[in-house]
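One structure below.
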Amino acid sequence: MNQPMRRGGGPPEQRRRPPWGLGEWNPFTEFENLWRDMTHAFEGGAAPVWGSGWVPAVEEDETDDAYVVRAELPGIPRENISVDVDDHELQISGELTEEQQGRVLSRRAGRFFYRTSLPSGVDAEKVEAELTDGILTVRLPKSGAPKRRRISIGGKG
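In the working numbering, the protein residues as written are 268 to 424.
Written out as structure tokens, the structure reads:
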């Protein structure tokens, strides 16, 4: 029997790797990410942050002019969702609160958290987020990074 695929729910180091370009591996960046994860793990007690909640299904995509991240967040009002961009990192977090209606809860509830690294060249001032039909779409425009051009050399002789 086939098991449903979990998208975006792997270990934190897998969730940080974006599909676009993959970039160069930097051991110092990896160490900083590991250190940050360890620090966050002990802020809330003994359980790590990624083990104390749930991770929404997330799709990362790239267009010619932007990076697009879509997260499935059905039933969560926009007031309960936070989207933050800092230091080449996107964080989506929030909470789905459930009223006690029955004896068994068979759907997700509680806090959620998703984080991914962003490639250089994201214009953080123009990031937009929209929640429609339970899908949060975060559009991260690419900055107009200068393209390579030839420079003419002036002077005499």
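The beta carbon of each residue, even a glycine, is placed where N, CA and C say it ideally should be.
- Task: Determine the direct distance from the alpha carbon of residue 408 to that of residue 391, and round the result to whole angstroms.
- Result: Distance from the CA atom of residue 391 to the CA atom of residue 408, rounded to whole angstroms, is 8 Å.
- Item | Selection from 399, 401, 354, 395 that minimises the alpha carbon distance to residue 388 | 354
- Query: Three-state secondary structure (DSSP) at residue 249?
  - Reply: Any answer about residue 249 is impossible in this case: the structure gives the chain only from 268 up to 424.
- Compare the beta carbon distance of residue 402 and residue 339 with 9 Å and say whether it is the shorter of the two. yes
- Count the other C-beta atoms from every protein chain shown that fall within 10 angstroms of the C-beta of residue 301, then say buried if there are 16 or more, exposed otherwise. exposed
- Would you decide whether residue 299 is buried or exposed? Buried here means 16 or more other CB atoms lie within 10 Å of its CB. exposed
- Item | Contact belief for residue 382 with residue 357 at Cβ below 8 Å, rounded distance in angstroms | 7 Å
- Integer-rounded CB distance, given that residue 396 should sit under 8 Å from residue 350: 5 Å
- When the Cα atoms are used, what is the spatial distance from residue 406 to residue 417? 32 Å
- Just checking my contact of residue 398 with residue 359 at CB under 8 Å: how many whole Å lie between their CB atoms? 11 Å between Cβ atoms; not a contact.
- Specify the secondary structure class of residue 406 as computed by DSSP and reduced to three states. strand
- Residue range of the unbroken beta strand (DSSP E) whose run includes residue 384: Element bounds for residue 384: 377–384.
- Classification of residue 380 by the beta-carbon crowding that lies within 10 angstroms, buried from 16 upward: buried
- Message: Taking the straight line between their C-alpha atoms, what separation do you get for residue 363 and residue 337?
- Response: 17 Å
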